[in-house]
Every structure is written in C-alpha cells, then in structure tokens.
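J.:
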Amino acid sequence: MNSRTSTIFKLAVLAGVLAFPAFGSDFYAEMVAKVLILAIFAMSLDLLVGFTGLVSFGHAAYFGIAAYAVALMTPKYDPANLWLALPASVLAAGLAAFVIGLFVLRTKGIYFIMVTLAFAQMAYYVFHDTPVGGGSDGIYLNFKPDAAIAGWAPFDLNEPLHLYYFVVAAMLAVYGLLKLVLRSPFGRVLVGIRSNEHRMLSLGYATFRYKLAAFTLAGALAGVAGFLYAVLFGFVTPEYLSWHKSGDVLLMVILGGMGNLAGAIAGAVALVGLQEIFTSVTKHWQLLMGLTIVAAVLFMPGGLTATPARILARINGGKTNE
Amino acid sequence: MDFVSFLIQVLNSLQYGLLLFLVASGLTLVFGIMGIINLAHGSFYMVGAYLAFALTSLTGNLMLSIALGIPLAFVFGALLEWALFSHLYKRDHLEQVLLTYGLILIFEELRSLMVGDDVHGVTIPELFSASIPLSDNLSYPVYRLVISVVCLALAGGLYFLIQKTRLGMMIRAGSHDRDMVKALGIDINLLYRTVFALGVALAALAGMLAAPISSVYPGMGSSVLIISFVIVVIGGVGSVWGALVAALVIGFADTFGKVLLPDLAGLMVYLVMAVVLLWRPEGIFKKG
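Going down the list, the protein sequences come from chains P and R.
Residues 476 to 797 in the numbering used here are what the first sequence lists, from first letter to last.
Residues 0 to 287 in the numbering used here are what the second sequence lists, from first letter to last.
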C-alpha cells in the first residue's frame, strides 16, 4: 500500500468507528470500545517492542496498576473526578514503569524478557495476595468518573455514547502523541537504539536514559488503556496484571507487525476478532488460539500487515518493495 | 521459632529448591546451548504431574509410573523439538516467545479436554508414606526426604554427565560457541534434540515427584515457569551450577518468607531477584 491509499484507508476506518454507534447495538459498541482501548495498550507496547527493540513481557503490570489506581481513588458512594483520576492513574502507571525500568533495563535480550515478566508477576502478587485491592476477588468501580469542571460537565461517562466517544478521542490522542514522539529527535534515537545500540552509545547518546524514558512513557500510555478499561467494565481484578494479559498484548503487536502503529491497532482488532470467533465455536477456544499462534509464527513471519506485501511480492515474482 | 520447626523449614526449603532445580536446569541448558527462550517449559512440569496421575491410576504404583513416565517424556521432548523447536533456532526471541506462548495455551486446553479442570491427588508410595517423628507433635514425611535425595542424586548425575562424558563435553562446547561446534563436524541437530529432550524429561520428572505433595491442578505449570525464570536470571543463563545455587536460594527465600512474612510471601522471590539484578545484572554465575 502506498501512503495515499493508506491514508484514505485509515480515514475510512475512522469514519466507520465514529459512525458505528448509530448503526451497531450497545453490545457491539462496547466491543468496539474495548478494541480501541486494547489498541492503545498495543500501541504503547509497540513503542518498546517495535521501535526501541525492547521485548517487554510484563506490560500488563502498568495497565493493571492504572486500573487499580482509578478503582482505589473512587469513593464507595461517589464518583471520582475524571480530571484528577485520569492523570493520577496514568502517573501511577508511569511511576511504576520508571522504577521497574531502573532494574530491568540493566539487562538485555533473553534476560530482559524474563525479568520484565518476573516484575509484572511481582506486581500481580501485590494485588493478589495483599488486601490493598480486595485480594484475588478484585474491586468494583461503582461510579464512573465525573467529568465536571467547577460544576459544569461537558459530557457524562455514564452515557454509553459519551463514554464511547471519550474512548475514541483517547485513542486518537495516544496515536497522535506517539506519531509526534516517533517523528521527534527522541523517537529517532529510539529507532537508532533498536538497530544498533552500540553505535548510538559511541555517537554520545546516553542510551540508558532514552530507554528508561521510552519505558516510562510506554508504561504511562498502557496506564491510559488500563484506566479506560476499568471505567468501561466497572471492575478490576488481579487478572488485569496477569502474564496472560502481557502475552495477549504482545500477540497484538506481533500479529499486526511490529514498528507500525496502525499495525498495533490492526493486531488488537484481529485478536479480539479471533477470540470472539473461537469462543463462539467451542468452550476450549484457547486450543484454537494456541494452534493459530503456532501456525502464524511458523508460516507468517512479519505479521498481518506484512503478509499482504509478501503475497503481492510472491505474485510479482519475488520482487518486494520493502 | 524453636529448633525443630526451624529444622523442618530448612528441610522443606531444600526439598522445594532442589525440585525447582530440576525444572530450571533444563530451562537454562536450552537457553544456554540453543539460545531458545521456552515459555512452555512449565507445561512439561505439568505434563509430568498429570502423567504421574494418569499412570498411577493405571498401574497403581507411583514408582513404576515414574519409571515409565521418564522415557515417555524424553520421547515427547524429542518429537516436540523435531516438529516445532528445530524451526526456531534462526528466529528471534520474540517469535520464540510467541510460539511457546501458543504452546502453553494448547497444552492447557488439551489437559482440560483430556483430564478436566478438577484437582487430583496422587498417593504416596506405601514404602515412603511414613513420617519421622522429630518432637512430641512434629514429624517430617519420609517422602519429602526421598524427593530431596533423588534430586541431589540427579544433580550429581548431571554434574557427571556434563563434566565427565563426551556428550557433556559437546554440551559445554555448544554453550560456549555454537558455530565452532558445528564447524568441528559434530551433529548439532542431534545434540540439540538430546539436550531438549533431557530438559523435558527433567521438568516432567520434577512434576511427577511433586504430584503427591502438591496434588495435580490446572495452571500448575505457570507458577513453576515464572519461578524458574527467576532462578535462571539469578543463576545466569546456561549455568547449571548457577541454577542449583539460585534454586536453593529461592527455595529458602520462599519457604522462610511464607513463615516469617506471610503477607509478603508471594513477593519474596522477586525481591531476591531485584537485589541480584542490582548487584549482578547478568546473574551470579555468568561466564566471561
């Protein structure tokens, strides 16, 4: 796809998403909102995996920490204020990522994968074993945050439609922010680290700081997703931090093709779509999921977005324009 | 804590640590020699435990089941290496993570389809079902001592295999410089298959030994997998001795953590890891 058709395609998808609640039922609108939230989550991980070359297998920790933050900030019989709760949750996730990043970024390669997983598991146990967040049962978020600014509420998250468009806006904001970050000198350094960290070091870049900044930013943006997820579904459990969640988001990034923000979104759509199809077929849908993943790795290197190009290339007799 | 209960906790720590060593040693060998990160390694522990459950219900004898189960697990590992893992050596870590993550889902669902999601018990062989009285009201089960002794013997066997045999020489050479081993005309594919199958057999054996004390339940592979990762990180990738020391450290940290700080028990292991990472990011026993 050249950049013009790609832009037209993206705009068409956006128009579809914006118009969706007018045609789809509430059930499907909620599902689209869920996909959009997971797309934020996947984009935030793509900043690490796809652009900086850091394979984090513990990204669910920051998603879950922000979800718990908003749940814990919400009083039992009142809503929290959105304009306080959202930044505070995102800050909590970013802070956790910063502290964990100080440890995990001392390692590389296989170690990094294992250590990020282990730290996420540690965060999981904090919520699972201690009474902080209701233990293994989790907690309910009885009231969605209140959007009022000094008594005036521009929208009401209790309205499904308002919540839907809030999620759309958040996704667009995160997409735009990441586009800007990647275009900035900072983003160029991250991509440089992915291709050759030693070269960046000898060029005088303190790569550790750049990686830590990327790790923190990715954690904070995963926090945006976690916050919205908790608000959308109204409850939080330790499973939000589980390694299955970390595996799923990694799957989205890889399914969509790494280092490609639109790909991360496509990956979220693909994963939720597959889950819906498989759960409708059988109770043992994870088996189908597992088989699909194994087949995808064996036969489809490069991910979903790379596959059309590969097929085209095969038709054109082996010429690629990659 | 009085002396007897302290002694019991020490024995428990040793037993738990040594059992973890069986799982982690295979994991670290596969990492070190083939450069493969295998998330499905915990599943082999689960497969072992369920194998013990299934075979014991057939034969009525755990020891016979273990004797049958080890070769089965070895063959299973060799088949898996041939069918799937042999395609992963040239892929990057990310694809290895993905494929082995898919394998976990497959193994868990197959387990659910074949055995169901209930918790099952496995009886301790009659020979070892006694307990040694240590004081008026405290005693220690013989079977746990047997586990420790078996694991120690296996650790010794592994030492002999790696340090004193031709296969061990190739394994050591392979973990040092893969390409050079290939260039010297050693059949690297056969070496990989053997090491992988050995790792699977060790993890399955750990599962079989643990089945009577931990019982057999869904998801038992995941918790062991993550602890094994921590052990490999602490011990250093590819170092079997590092894995032994780290497994014992984790065994003690976890057991005493549960006794002394029950609220933070789940965290203890990870705190140990964090400290080691600050001190030596490449593990305690990382070579060169």
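Just so it is clear, CB atoms sit at the ideal spot from N, CA and C, and this is done for glycine as well.
Would you mind reading off the limits of the alpha helix (DSSP H) that contains S174(R)?
T.: Start at 1 with the first residue of the second sequence, and residue 174(R) comes out as number 175. It spans 165-175 - the alpha helix (DSSP H) in which S174(R) sits, taken as one unbroken run.
J.: How close, in whole Å, do the beta carbons of S721(P) and A595(P) come, if the pair is a contact with beta carbons under 8 Å?
T.: One-based indexing of the first sequence puts residue 721(P) at position 246. One-based indexing of the first sequence puts residue 595(P) at position 120. At roughly 6 Å, the Cβ-Cβ gap stays under 8 Å, so S721(P) and A595(P) are in contact.
J.: Please name the residue, chosen from F532(P), I512(P), L561(P), L647(P), that lies closest to A490(P) on a Cα-to-Cα basis.
T.: For the purposes of this step, residue 490(P) is taken as the residue at position 15 of the first sequence. Among F532(P), I512(P), L561(P), L647(P), the Cα nearest to that of A490(P) is on L647(P).
J.: Could you check which residue in L243(R), T164(R), L133(R) has the C-alpha nearest to that of V3(R)?
T.: Residue mapping note: residue 3(R) aligns to position 4 of the second sequence, counting from 1. Checked all of L243(R), T164(R), L133(R); the closest Cα to V3(R) is L133(R).
J.: Can you list, in chain order, the residues of its chain with a C-beta nearer than 8 Å to that of L687(P)? Leave out the 5 residues immediately preceding and following it.
T.: For the purposes of this step, residue 687(P) is taken as residue 212 along the first sequence, with counting starting at 1. Contacts found: F573, G576, L577, L580.
J.: For K619(P), does the count of other Cβ atoms within 10 angstroms reach 16, so buried, or fall short, so exposed?
T.: Counted from its first residue, the first sequence places residue 619(P) at position 144. It counts as buried.
J.: Using the beta-carbon count (16 or more within 10 Å), is V148(R) buried or exposed?
T.: Here residue 148(R) is taken as the residue at index 149 of the second sequence, counted from 1. V148(R) should be labelled exposed.
J.: For the segment 169-183 of chain R, enumerate the residues whose C-beta is nearer than 7 Å to any C-beta of chain P, in chain order.
T.: Within the segment 169-183 of chain R, no residue has a Cβ that lies closer than 7 Å to any Cβ of chain P.
J.: Return helix, strand or coil for S531(P), following the three-state DSSP convention.
T.: What you label residue 531(P) is simply residue 56 of the first sequence in a count that begins at 1. In this structure, S531(P) counts as coil in the three-state DSSP scheme.
J.: Nearest-angstrom Cα distance between K794(P) and S481(P)?
T.: Locating residue 794(P) in the first sequence gives position 319, where the first residue counts as 1. Locating residue 481(P) in the first sequence gives position 6, where the first residue counts as 1. At K794(P) the pLDDT is 46, less than 50, meaning the model places this residue with poor confidence; the figure from the coordinates comes in the next sentence. Near 21 Å, if we compare the C-alpha coordinates of S481(P) and K794(P).
J.: DSSP puts D621(P) in a beta bridge; with which residues?
T.: Translated into the one-based positions of the first sequence, residue 621(P) becomes position 146. According to DSSP, which records beta bridges pairwise, D621(P) is partnered with N556(P).
J.: Going straight from the alpha carbon of S138(R) to that of I212(R), what length do you get?
T.: What you label residue 138(R) is simply residue 139 of the second sequence in a count that begins at 1. What you label residue 212(R) is simply residue 213 of the second sequence in a count that begins at 1. Approximately 15 Å between the Cα atoms of the pair.
J.: Is I161(R) helix, strand or coil when you go by DSSP?
T.: In the second sequence, counting from the first residue as 1, residue 161(R) sits at position 162. If DSSP states are grouped into helix, strand and coil, I161(R) belongs with the helices.
J.: Alpha carbon to alpha carbon, how far is L632(P) from F641(P)? Give it in angstroms, no decimals.
T.: Residue mapping note: residue 641(P) aligns to position 166 of the first sequence, counting from 1. Residue mapping note: residue 632(P) aligns to position 157 of the first sequence, counting from 1. Cα to Cα, the separation comes out at about 8 Å.
J.: Determine, using beta-carbon pairs with one atom in the segment 31-42 of chain R and one in the segment 94-108 of chain R, whether at least three such pairs fall under 8 Å.
T.: Yes, the segment 31-42 of chain R is in contact with the segment 94-108 of chain R.
J.: Within this structure, are the beta carbons of G748(P) and L104(R) separated by less than 7 Å?
T.: Residue 748(P) sits at position 273 when you count from the first residue of the first sequence. Residue 104(R) sits at position 105 when you count from the first residue of the second sequence. Contact: no.
J.: Just to make sure I have the definition right: I need the residues of chain R whose C-beta is within less than 9 Å of the C-beta of A741(P). Which are they?
T.: Counted from its first residue, the first sequence places residue 741(P) at position 266. Per Cβ cutoff of 9 Å: no residues; A741(P) is ~16 Å from chain R at best.
J.: Please tell me whether, using a cut-off of 6 Å, the distance from the CB of F516(P) to the nearest non-hydrogen atom of the ligand SAM is below it.
T.: As for the ligand SAM, it is missing from this structure, which has no ligand bound.
J.: Taking only the alpha-carbon atoms, compute the straight-line gap between A264(R) and Y600(P) and give it to the nearest angstrom.
T.: Locating residue 264(R) in the second sequence gives position 265, where the first residue counts as 1. Locating residue 600(P) in the first sequence gives position 125, where the first residue counts as 1. If you take the alpha carbons of A264(R) and Y600(P), they lie about 9 Å apart.
J.: Starting from the C-beta of A77(R), find all residues in its chain whose C-beta is less than 6 Å away, skip the five residues before and the five after it, and write them out in chain order.
T.: Taking the first residue of the second sequence as position 1, residue 77(R) is located at position 78. Same-chain partners within the cutoff: R192, A196.
J.: Does the pairing of the segment 500-514 of chain P with the segment 735-750 of chain P give three or more beta-carbon distances under 8 Å?
T.: Because the criterion of three Cβ pairs below 8 Å is met, the segment 500-514 of chain P and the segment 735-750 of chain P touch.
J.: Are I146(R) and Q14(R) close, meaning C-beta to C-beta below 7 Å?
T.: Along the second sequence, read from residue 1 onward, the residue named residue 146(R) stands at position 147. Along the second sequence, read from residue 1 onward, the residue named residue 14(R) stands at position 15. Yes, these two residues count as a Cβ contact at 7 Å.
J.: Start and end of the alpha helix (DSSP H) containing I768(P)?
T.: Taking the first sequence and counting its residues from 1, the one referred to as residue 768(P) is at position 293. From DSSP, the alpha helix (DSSP H) with I768(P) extends over 760-774.
J.: Which one or two residues does DSSP pair with V710(P) in a beta bridge?
T.: By one-based count along the first sequence, residue 710(P) stands at place 235. Sequence inspection shows Phe at residue 710(P); the Val mentioned does not correspond to that position. According to DSSP, F710(P) bridges with Y615(P).
J.: Please tell me whether Y15(R) has its Cβ less than 7 Å away from any Cβ of chain P.
T.: Translated into positions along the second sequence, residue 15(R) becomes position 16. Answer no: the Cβ-Cβ gap between Y15(R) and chain P never drops below 7 Å.
J.: So which residues on chain P does F228(R) lean against when the C-beta distance must stay under 7 Å?
T.: As a working note, residue 228(R) is residue 229 in the second sequence. In chain order: M589, L592, A593.
J.: Just checking, does the segment 751-763 of chain P make contact with the segment 119-135 of chain R on the three C-beta pairs under 8 Å criterion?
T.: Short answer: they don't touch.
J.: For the segment 231-253 of chain R, which residues have a beta carbon sitting closer than 7 Å to at least one beta carbon of chain P?
T.: The residues in question are V231, V232, V236.
J.: Who are the Cβ neighbours of L26(R) in its own chain at under 6 Å, not counting the five residues just before and after it?
T.: Locating residue 26(R) in the second sequence gives position 27, where the first residue counts as 1. Hits under 6 Å: H40, S227, V231.
J.: Given that a residue counts as buried once 16 or more other Cβ atoms are within 10 Å of its Cβ, and exposed if not, what is H534(P)?
T.: Along the first sequence, read from residue 1 onward, the residue named residue 534(P) stands at position 59. Classification for H534(P): buried.
J.: Check P550(P) in the structure and name its three-state DSSP category.
T.: For this step, residue 550(P) is matched to residue 75 along the first sequence. Looking at P550(P) - three-state DSSP - the assignment turns out to be coil, as it is neither helix nor strand.
J.: Taking A202(R) as the reference, give the member of L6(R), A51(R), V9(R) with the closest Cα.
T.: Residue 202(R) sits at position 203 when you count from the first residue of the second sequence. The shortest C-alpha separation from A202(R) is found at A51(R).
J.: Can you tell me whether R143(R) is buried or exposed? The criterion is at least 16 other CB atoms within 10 Å of its CB, across all chains shown.
T.: The count along the second sequence starts at 1 and reaches residue 143(R) at position 144. Flag for R143(R) reads buried.
J.: Pull up the DSSP beta-bridge partners for I131(R), would you.
T.: Position 132 of the second sequence holds residue 131(R). Beta-bridge pairing links I131(R) to Y139(R).
J.: For chain P, find out if any of its Cβ atoms is closer than 7 Å to the Cβ of E303(R); answer yes or no.
T.: Nothing in the structure corresponds to residue 303(R), since chain R is present only between 0 and 287.
J.: For the segment 609-619 of chain P against the segment 706-723 of chain P, are there 3 or more C-beta pairs whose distance is under 8 Å?
T.: Output reads yes: the segment 706-723 of chain P touches the segment 609-619 of chain P.
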